Every structure is written in structure tokens, then in C-alpha cells.
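Asks: Just dropping this structure here.
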Amino acid sequence: MRVALFITCLADGLYPDVAKATVGLLERLGHEVEVPLQQSCCGQMHINTGYPREAVPLIRNHVDAFAGYDAIVAPSASCTASIRHQHGEVASSIGDASLIASTAEIAARTYELSEFLTDVLEVTDVGAYYPHRVTYHPTCHSLRLLRVGDRPLQLLRQVRGIDLVELPDAESCCGFGGTFALKNPDVSTAMLADKMQNVLQTRAEVCAAGDSSCLMHIGGGLSRLKVGVRTVHLAEILAST
């Protein structure tokens, strides 16, 4: 199986350890992972802020960069959701039949990390060891667009040494929402405060999630509180041995 990593902008620019952990995990499971150098932003930011036509060149580049791979894996439900839902919509809006077909083909072979592990590789025990008290925040895109359900929790429950504790009101949004946090800072901050309170109730050392964007938001808030709770991507936990 030819597997490609879609690294995502946040992992490439701010959280490279997430990308390294994803590659290390998949290699440990016996798969060679390629990282197409042509890849760039998927265009989600442009589409979400009302500039779908400006996203078209990025979408064209994306389908070209990942053509020919059996599976494309992304450590981000947010970007995966954009590829699977938004790319086809944008292609349809400009009436480009070739791009419509290409986006559909790529979308069918694109997986969020937990989906790829549980549905494609059919594995939940990845041989991880992580001796920490952890709570898990299910991100909005993973829940509502990808519908990954409890796949991340299936994986975390098999991690040796972990003390996995349930997050109260887990399915509530953390308040990030991309540009939502910039355009509606007061609402975003209030939502974040609720999420942090719930995290702290668990007495967890680590708050985990499958999206670096949400972890950036939650982690920033927790760091300002100086409570000693870290945010760690799901891939990093699963890659730990």
C-alpha cells in the first residue's frame, strides 16, 4: 500500500512533532510513508472565510500532489473534513468536471489518523506506552463532519500505562473554530473557559485531541492559568513506547 502523509499547515509550521509521530507510528506498524513535497495548504482557511475561488489553485495542487497514492493520512480531522466535503463543493461551484472527479477520488482515499488505524489497518492496539493521566477532547470536525465516533478512544484504551479519564461535556466546542476565535473573541474565550474548567475537573496531566488547532487554543488557555496541564496530540501518544 502506498501511503502518503498530508502534513497540514499547523504541523508543518508549528507542530512538526505531530507529523513525525504520525510517520513513526505508521512505520512501526509496517508501512512506508511518503511525504509529497508538492503539497501545501488544503484551502480550508480560504473557504471558511468566504474566499472559495481563491482556494481553487490550492485544491488543484492538492489533487495533483496526492494522485496515485492508495491512502492519504492526515493528523487532523479539520483538514480531512475540508478535503472530503469542501473540495468537491468548490469544484462543483466552478463547474470543472475534471476537478470534480479528481477531488472525489482523492476524498475517497483520505483518512484522519484514527480512521486509518481502525478502519483500514484494523488495529486498535498500536503498541503504545504512555504512563500519564489523560483526558480526550473530541474536536468538532471529527464529531460532526467525519463522524469518527469513539475511534480515538478505542485506540487510547489500548495504550499501556495510560489512566484515561472521561472529559465532562466532552462534545462541546472548545471555542477555537479557526477565524471564529478572531472574529468573536469574547464568545470564544467564554467557550474556552468552560472547556478548561471541564479539563481541570478530571485532574488529568494531559488533554489530548486529534487536531492541533484545538490543542493550540486549549493549550494556550491552560498555559496562562499555569496549572501544569499539557496538551498532546493523539498521534504523539500513540507513537510513544
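Quick note: the sequence shown uses this note's numbering, first residue 4, plus one each step. All C-beta atoms, glycine included, are put in the ideal place defined by N, C-alpha and C. On a predicted model such as this, the values are computed, not experimentally measured, just so you know.
(1) Are the segment 29 to 43 and the segment 67 to 83 touching by the rule of at least three beta carbon pairs closer than 8 Å?
(2) May I ask you to verify whether the segment 209 to 220 touches the segment 232 to 243, counting CB pairs closer than 8 Å and requiring at least 3?
(3) Can you list, in chain order, the residues of its chain whose CB lies under 7 Å from that of A84, leaving out five sequence neighbours each side?
(4) For E208, which of helix, strand or coil comes out of DSSP?
(5) Just to confirm before moving on: does the CB-CB distance between E169 and T138 stay below 9 Å?
(6) Would a C-beta distance cut-off of 9 Å place I165 and L156 closer than the cut-off?
(7) According to DSSP, simplified to helix, strand and coil, what is I10?
(8) Could you please give me the residues that DSSP links to A74 through a beta bridge?
(9) Within the continuous beta strand (DSSP E) that includes E92, where are the two ends?
(10) Could you say which of P141, S117, I62 lies nearest to S105 if we only look at CA atoms?
(11) For I221, does the count of other Cβ atoms within 10 angstroms reach 16, so buried, or fall short, so exposed?
(12) Put H220 into one of helix, strand or coil per three-state DSSP.
(13) Are the beta-carbon atoms belonging to G254 and M199 less than 9 Å from one another?
(14) Please report the distance separating the alpha-carbon of D122 from that of G33.
(15) Please state whether the Cβ-Cβ distance between R154 and A131 is less than 9 Å.
(16) Excluding five sequence neighbours on each side, which residues of the same chain lie with their C-beta closer than 6 Å to the C-beta of G16?
(17) Quick one: what's got a C-beta closer than 8 Å to M4's C-beta in the same chain, skipping five residues either side?
Replies: To lay it out plainly:
(1) yes
(2) yes
(3) H144, L148, L149
(4) coil
(5) yes
(6) No, these two residues do not count as a Cβ contact at 9 Å.
(7) coil
(8) V6
(9) Unbroken run through E92 is the alpha helix (DSSP H), 90 to 96; no beta strand (DSSP E).
(10) I62
(11) buried
(12) helix
(13) Nothing can be reported for residue 254, as the shown portion of the chain is limited to 4 through 244.
(14) 16 Å
(15) no
(16) none
(17) The answer, listed in chain order, is H34, D73, A74.
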